[in-house]
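With our numbering applied, the sequence shown corresponds to residues 379 to 835, in that order. Every residue gets a Cβ at the ideal spot worked out from N, C-alpha and C, and that includes glycine. This structure is a prediction, so every number in the text was calculated from the model and none was measured.
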Amino acid sequence: MKPSRERGPATTAVSPSRAAAASILLRTLRDDAYASPLLAAESLDALAPEDRRLVQELVLGVLRWRGELDYVVNVTTGRPAEKLDAPVRIALWLGLYQLRHLERIPQHAAVNESVELVKQSSAWRGAGLVNAALRAETRQRTLAPDDRVKQPANRLAIELSHPKWMIEKWIERFGMDEARAMASANNQPPPVAFRINTLRAPSVARVLEDLAENGVYVRESEFARGAYVVTEGHLTPATRSIRDGWIYVQDEASQLVASLVDAQAGESILDIGAAPGGKTTALAAAMGNSGRIVAVDVHPSRLATLVATSGRLAVRNVTPLAADASAGLPFDARGVFDRVLVDAPCSGTGTLRRNPEIKWRLTLPDLGRFAVLQGALLDTAAARVRPGGRLVYSTCSIEVEEGEDVVRAFLERHGDFTLAGPSAPAVMRTDSGFVRTYPHVHGADGFFAAVLERAPG
Ligand code: SAM
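Right under this line is the structure:
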């Protein structure tokens with residue numbers, strides 16, 4: 379937070395991790411910024427590794443528990459949280475999150491540093507309010523929800539910090555117990571998974587040795603071939619295997635989707651919604667850099683990340699193309715690609731563990747808007763698949779509106795396509811022939827995928 383030009387009370391220093399966390403939270407609240415790029419910013423490189431981990435824990439923890447924290451803010455301050463000045467609300471979130479969810483932080487540090495944060499902000503007059511609310515919480519933990527909240531969906535929404543509409547939707551579809559398990563899983567930090575980049579890594583054994591030398595231990599994924607999950611230690615950008623492009627951090631479900639494309643050496647692939655390139659570079663590795671991948675994305679800045687990542691991973695068969703694929707593509711070749719992947723923009727409800735801010739921005743009508751865009755991208759893709767070729771559609775959403783409904787409508791519009799039995803492990807195949815993963819069931823992000831085939835000739 380920026381210091382105020384008006385003079386507030388005398389202040390003492392705030393720890394660099396809490397100051398950085400407050401500043402990132404302010405950007406997510408005021409500018410609708412996403413936390414993960416801010417957490418990866420080079421400006422945080424100056425922090426000691428443990429301080430940087432604390433920034434990450436504070437920011438993502440607050441964003442995951444924001445609904446519950448706001449409820450406690452309402453109770454302890456007697457004011458609606460959203461009416462408070464942003465620096466005051468954020469200082470309360472940070473203090474309450476540490477008091478309620480982080481056992482190893484001393485109470486006095488959680489309280490005093492939040493008070494200092496407010497004193498150093500433009501809203502310094504709120505320091506007394508923050509001090510009183512946090513001290514009240516140290517004396518008696520606030521029940522969230524308390525007995526006044528009777529309605530079950532409302533109670534679950536507060537207790538597990540999700541928007542009420544989302545919880546109601548999940549209860550209706552999955553029942554109370556599963557909705558609870560799902561929301562609970564969204565509040566846990568996700569495991570770190572990666573794949574070994576065969577285009578650069580000397581050997582699997584050498585990579586695992588390098589990781590062990592850095593105190594990082596792993597297990598093989600139970601369902602995504604070639605994927606590993608970290609069981610102990612921390613990967614950092616400075617870890618040799620990452621720095622030298624031997625490995626690429628990517629969720630197991632995202633790796634599984636790339637494998638459903640089943641890209642073969644020498645083929646031509648169209649990848650729509652390609653940036654930042656996780657799946658594109660996995661396809662390139664599967665093809666041993668042969669053939670050609672046209673990687674399309676509407677955002678040039680995200681495509682720039684794809685290009686940079688391709689360089690780090692020694693990917694050489696990708697042609698990036700900035701275009702809005704919902705309106706067609708700016709080249710003629712039709713019906714020529716062996717395989718097309720549409721990894722569509724979506725609500726992201728399968729990735730709430732990673733991007734918890736999404737919970738507080740998404741609305742029910744957004745799902746319908748995404749579905750229209752997803753259908754348009756699929757129509758563009760269909761025209762480019764060769765007869766007998768494959769079309770894979772995926773989203774990181776757990777909502778039917780963006781998954782099964784979109785594919786069923788597509789199949790009605792395109793009689794030359796059929797749903798193929800995907801080669802995914804049985805535990806992820808649905809009765810209707812789609813692929814679904816869920817954080818609370820598989821430990822991976824929540825993905826939907828459908829493998830479609832175009833009739834030959
Ligand atoms: N496939 C990527 C990966 O594995 O790293 C993730 C893709 S992300 C789920 C969806 C992408 O679709 C975003 O990068 C977004 O910029 C892109 N996108 C959104 N609307 C688009 C459009 N109309 N045309 C092309 N790309 C679009």
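Residue closest to residue i, alpha-carbon to alpha-carbon, out of the options
{"i": "T697", "options": "A705, N667, G835 and R482", "result": "N667"}
{"i": "T614", "options": "D423, F825, A631 and K461", "result": "D423"}
{"i": "W548", "options": "D409, R732, A827 and V778", "result": "V778"}
{"i": "I402", "options": "V440, A391, A426 and E428", "result": "V440"}
{"i": "L745", "options": "E782, A703, L719 and R768", "result": "E782"}
{"i": "L797", "options": "A827, H820, G669 and T406", "result": "A827"}
{"i": "S599", "options": "S414, D629, L586 and G669", "result": "D629"}
{"i": "N801", "options": "F812, Y475 and R791", "result": "The identity of residue 801 in the sequence shown is Ser, whereas the question assumes Asn. Among F812, Y475 and R791, the Cα nearest to that of S801 is on F812."}
{"i": "T617", "options": "S646, V585 and V785", "result": "V585"}
{"i": "A397", "options": "L480, V594, L432 and A418", "result": "L432"}
{"i": "D429", "options": "R832, V582, A701 and A399", "result": "A399"}
{"i": "W767", "options": "V714, F748 and R747", "result": "One point to set straight first is that residue 767 is Gly, not Trp, in the sequence displayed. Measuring from the Cα of G767, the nearest candidate turns out to be V714."}
{"i": "L691", "options": "W624, Q529, E790 and P834", "result": "W624"}
{"i": "G611", "options": "A391, P427, I671 and E420", "result": "P427"}
{"i": "P465", "options": "V770, R442, E494 and L416", "result": "E494"}
{"i": "L472", "options": "S637, E460, V489 and G706", "result": "V489"}
{"i": "A700", "options": "L648, A391, E546 and L404", "result": "L648"}
{"i": "V635", "options": "A413, F601, S646 and A501", "result": "F601"}
{"i": "M560", "options": "E831, S775 and R747", "result": "S775"}
{"i": "Y449", "options": "L407, S393 and N532", "result": "N532"}
{"i": "W502", "options": "V527, I468, Y475 and L474", "result": "I468"}
Buried or exposed (CB count within 10 angstroms, at least 16 for buried), residue i
{"i": "A822", "result": "buried"}
{"i": "Q434", "result": "buried"}
{"i": "K497", "result": "buried"}
{"i": "F709", "result": "exposed"}
{"i": "Y595", "result": "exposed"}
{"i": "D794", "result": "exposed"}
{"i": "L589", "result": "buried"}
{"i": "L470", "result": "buried"}
{"i": "T729", "result": "buried"}
{"i": "L480", "result": "exposed"}
{"i": "E735", "result": "buried"}
{"i": "Q836", "result": "This structure leaves residue 836 out entirely; the chain is present only between 379 and 835."}
{"i": "E537", "result": "buried"}
{"i": "D716", "result": "buried"}
{"i": "D410", "result": "exposed"}
Per DSSP, the bridge partner or partners of residue i
{"i": "R573", "result": "A605 and Y626"}
{"i": "R717", "result": "I647 and R768"}
{"i": "L699", "result": "V674"}
{"i": "Y595", "result": "E610"}
{"i": "V813", "result": "R807 and A827"}
{"i": "T796", "result": "E831"}
{"i": "V763", "result": "F715"}
{"i": "T773", "result": "F826"}
Is the stretch 799 to 809 close to the stretch 667 to 677, with three or more CB pairs under 8 angstroms? No, they do not touch.
Inter-stretch contact at 8 angstroms, needing at least 3 Cβ pairs: the stretch 646 to 662 / the stretch 684 to 701: Under the 8 angstroms Cβ criterion, the stretch 646 to 662 counts as touching the stretch 684 to 701, having at least three qualifying pairs.
With a threshold of 8 angstroms, are at least 3 pairs of Cβ atoms found where one atom belongs to the stretch 750 to 762 and the other to the stretch 717 to 730? These segments touch.
Any contact of the stretch 513 to 533 with the stretch 472 to 488, i.e. 3+ C-beta pairs under 8 angstroms? They touch, by the three-pair rule.
The stretch 453 to 467 / the stretch 495 to 511 touching (three or more Cβ pairs under 8 angstroms): The stretch 453 to 467 is in contact with the stretch 495 to 511.
Is it a yes or a no for the stretch 539 to 557 touching the stretch 593 to 612, going by three-plus beta-carbon pairs under 8 angstroms? No: the two stretches stay apart, fewer than three of their Cβ pairs being nearer than 8 angstroms.
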